[in-house]
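Trainee: No gaps in the numbering here: position 150 of the sequence shown is 216 in the numbering used here, and each next residue is one more. Yeah, the Cβ is synthetic: ideal placement off N, Cα and C, and Gly gets one too.
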Amino acid sequence: MPRFSLACRASTFACLVVGALAAQAADIELDAAEAQRLGLRTEPAAVADHIPLDHLPAEIATPLESARTISAPFAGVVASVAVDDGASVAAGAPLARVQSRDFLAAQADLARSSSDATLAHGQAERDDTLLAEGIISRARADEARARARDAQARLAQARGALAQVALPAHAAAGEYELRAPVVGRVVRRSIAPGQVVAAFEPAFLLAADDAVDVVLQAPVAHRAAYTPGLTVVMADGARAGLVAVAAATESGSQSVRLRARLPASQHWLIGQRTSARLELPAPPGSVRVPLAALVPDGEHTLVFVANGQRYAGVRVERLGADARNAIVRGALKPGDAIVTSGASTLKSLHDQ
Numbered sequence: 067m068p069r070f071s072l073a074c075r076a077s078t079f080a081c082l083v084v085g086a087l088a089a090q091a092a093d094i095e096l097d098a099a100e101a102q103r104l105g106l107r108t109e110p111a112a113v114a115d116h117i118p119l120d121h122l123p124a125e126i127a128t129p130l131e132s133a134r135t136i137s138a139p140f141a142g143v144v145a146s147v148a149v150d151d152g153a154s155v156a157a158g159a160p161l162a163r164v165q166s167r168d169f170l171a172a173q174a175d176l177a178r179s180s181s182d183a184t185l186a187h188g189q190a191e192r193d194d195t196l197l198a199e200g201i202i203s204r205a206r207a208d209e210a211r212a213r214a215r216d217a218q219a220r221l222a223q224a225r226g227a228l229a230q231v232a233l234p235a236h237a238a239a240g241e242y243e244l245r246a247p248v249v250g251r252v253v254r255r256s257i258a259p260g261q262v263v264a265a266f267e268p269a270f271l272l273a274a275d276d277a278v279d280v281v282l283q284a285p286v287a288h289r290a291a292y293t294p295g296l297t298v299v300m301a302d303g304a305r306a307g308l309v310a311v312a313a314a315t316e317s318g319s320q321s322v323r324l325r326a327r328l329p330a331s332q333h334w335l336i337g338q339r340t341s342a343r344l345e346l347p348a349p350p351g352s353v354r355v356p357l358a359a360l361v362p363d364g365e366h367t368l369v370f371v372a373n374g375q376r377y378a379g380v381r382v383e384r385l386g387a388d389a390r391n392a393i394v395r396g397a398l399k400p401g402d403a404i405v406t407s408g409a410s411t412l413k414s415l416h417d418q
């Protein structure tokens, strides 16, 4: 094996000779003194258990399963609001009061329907008795029973319209109350006192306060690797678990929408935008090396492996990277001494 020495700098002729020999050799040989003068330092390659996809656009969102929208069942005017954004509420807690002529009319309709149903039922029973005594025809009795069923249906409809409407204590005429259906936190308040609200207009958004969702935009190229259960690392180091992968790309961005579940943290607010890292499973044979070890080689990438006084350039496939390390695959194994300082100098010697 020819020796590539720094002493070649002593003469142009010597450099040409040694350079020609090095071009034929796969390795570069340097003694300890030469390696020190070049500032060569090494770090061991490590096993790579994941490939980081870093700097993915992300937004904090309410968990789909626990998000509840509370709407106004009847149009009206907001009389008062009991809670604001960020408040924790118990199930059944009052949120707001609304005064509504439509609600007042619905109450009157319920009373009228109840009275009509009672009268129709009584008439049907009397006609059944008269039919049994042979006083009236069956057609008249059947008609009475039909009117009773119709009245009962209208009563059920009137009751259904008011079934989910809460009446507050000491309520004014036509006043109803919006209440929290579950334990949670007020994510968004959309109404204010004096505001006119339409029927079924959203008034509050509630969500459980034990977790939030992270919606990420990930490159389509890795679509096959996105599976529930993968780890998402937030900017503050918090770790979330992937729970859903979209079946189609986002229009415009041509990215894939991912959803991860993150335990609740005071660092993150609903609607906040950030970036996150997705950890994909690394294929067999992958190792982790410092980014400083990678050297461009045309369309390829090299790393240099030290073995005693010999330094071999190894072509690798770059699979991913984070701020400090890269995940590569090639003729490397965990524990190999990877040159992390002076690799570019070795590349220059390697090319001579």
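What number of angstroms, rounded off, separates the C-alpha of residue 234 from the C-alpha of residue 130?
Mentor: So the alpha carbons of these two residues sit roughly 30 Å apart.
Trainee: Which two residues bound the contiguous beta strand (DSSP E) that contains residue 270?
Mentor: It spans 268 to 273 - the beta strand (DSSP E) in which residue 270 sits, taken as one unbroken run.
Trainee: So who's on the other strand from residue 278, going by DSSP bridges?
Mentor: According to DSSP, residue 278 bridges with 328.
Trainee: Assuming residue 217 and residue 183 make a contact with CB atoms under 8 Å, what is their CB distance in whole Å?
Mentor: About 4 Å separates the two Cβ atoms, so the contact holds.
Trainee: Comparing C-alpha positions only, which one of 359, 181, 269 sits nearest to residue 398?
Mentor: With distances taken between Cα atoms, residue 398 lies closest to 359.
Trainee: Count the other CB atoms, across all protein chains shown, that sit within 10 Å of the CB of residue 124; report buried if there are 16 or more and exposed otherwise.
Mentor: Looking at its Cβ environment, which holds 16 or more other Cβ atoms inside 10 Å, residue 124 is buried.
Trainee: Considering only the alpha carbon of each residue, which of 193, 337, 285 lies closest to residue 344?
Mentor: Here the closest residue by C-alpha is 285.
Trainee: Quick check on residue 236: buried or exposed, where buried means 16 or more other Cβ atoms within 10 Å of its Cβ?
Mentor: Residue 236 comes out exposed.
Trainee: Have a look at 301, 205, 219, 242 and flag the residue whose alpha-carbon is nearest the alpha-carbon of residue 120.
Mentor: Per the Cα distances, 301.
Trainee: What would DSSP say about residue 122, mapped onto helix, strand or coil?
Mentor: Strand.
Trainee: Who are the near neighbours of residue 276 in its chain, counting only those whose CB is closer than 8 Å to its CB and skipping five residues on each side?
Mentor: Result list for residue 276: 329, 330, in chain order.
Trainee: Please give me, in chain order, every unbroken run of the beta strand (DSSP E) with length at least 3 that falls completely inside the region 135 to 183.
Mentor: Complete beta strand (DSSP E) runs here, min 3: 142 to 147, 160 to 165.
Trainee: Going by other Cβ atoms of all chains shown within 10 Å of its Cβ, with 16 needed for buried, is residue 185 buried or exposed?
Mentor: It is exposed - the Cβ of residue 185 has fewer than 16 other Cβ atoms within 10 Å.
Trainee: Could you tell me the distance, in whole angstroms, from the CA atom of residue 136 to the CA atom of residue 246?
Mentor: Looking at the two C-alpha atoms, the distance is approximately 8 Å.
Trainee: Tell me the DSSP secondary structure of residue 116 in three-state form.
Mentor: Here residue 116 sits in strand by DSSP.
Trainee: Residue 407 lies in the beta strand (DSSP E); which residues open and close that run?
Mentor: 403 to 407 is the span of the beta strand (DSSP E), which, as asked, contains residue 407.
Trainee: Apart from the five residues on each side of it in sequence, which residues of its chain come closer than 8 Å, Cβ to Cβ, to residue 251?
Mentor: Cβ neighbours of residue 251 beyond the five flanking positions: 152, 153, 154, 155, 272, 273, 274, 275.
Trainee: So the candidates are 375, 262, 255, 260; which of them puts its Cα closest to the Cα of residue 269?
Mentor: The shortest Cα separation from residue 269 among 375, 262, 255, 260 belongs to 255.
Trainee: Pick out whichever of 104, 213, 394 has its Cα sitting closest to the Cα of residue 411.
Mentor: Measuring from the Cα of residue 411, the nearest candidate turns out to be 104.
Trainee: Residue 216 by DSSP, collapsed to three states: which one?
Mentor: Three-state result, residue 216: helix.
Trainee: Reducing DSSP to helix, strand and coil, say where residue 188 ends up.
Mentor: Here residue 188 sits in helix by DSSP.
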